[in-house]
Amino acid sequence: MFCWDKKAPGAWYGLEFPPTIDALEADGPAWLTQALHRAGTLEKTNSVTKFVKLERLPLSGKHCAGGAGAKAFLTVEYEHPDPSLHTELFVKLPWGMGSGTVDEGHNQKWRIIISSMGDSDSQ
């Protein structure tokens with residue numbers, strides 16, 4: 178059984194994936210650098226040096242960015258800035274199935290409702 182509360186290796190690159198936005202923030206630039214290197218998006222001679230800003234998107238209401246999971250905007254800095262690299266990134270993680278709070282990215286009931294009925298906020 179898959180546990181949404183813990184890191185697990187991704188299907189494509191085998192890199193342990195942070196299950197929540199809090200976990201992504203804790204893993205920080207080193208994890209994102211490793212992920213971008215494995216995907217071939219970032220040259221091995223470059224790295225993400227800083228999370229400048231992590232803006233979590235609302236989980237409900239008219240400014241909610243959908244209900245399929247926790248989302249955020251992430252602004253990053255690179256060791257070697259390059260105009261071909263985006264510094265404004267979009268983060269989307271699936272809802273966790275664990276016992277944590279919605280703010281932590283866990284919401285089994287919400288996940289089931291969204292999966293079967295669409296956006297229950299109708300926003």
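For the sequence shown, position 64 matches number 241 in the working numbering, and the numbering has no gaps at all.
Just so it is clear, CB atoms sit at the ideal spot from N, CA and C, and this is done for glycine as well.
Residue environment for V268: buried (at least 16 other C-beta atoms within 10 angstroms of its C-beta). No Cβ-Cβ contact shorter than 8 Å links Y255 with R215. In chain order, H214 place their CB closer than 8 Å to the CB of K221, counting only its own chain and leaving out the 5 sequence neighbours on each side. Per DSSP, the beta-bridge partners of V225 are Y255.
Assignment of G238 by DSSP, reduced to helix, strand and coil, places it in the coil class. A straight-line Cα-Cα distance of about 7 Å links L209 and V225. A207 carries a helical assignment under DSSP once its states are collapsed to helix, strand and coil.
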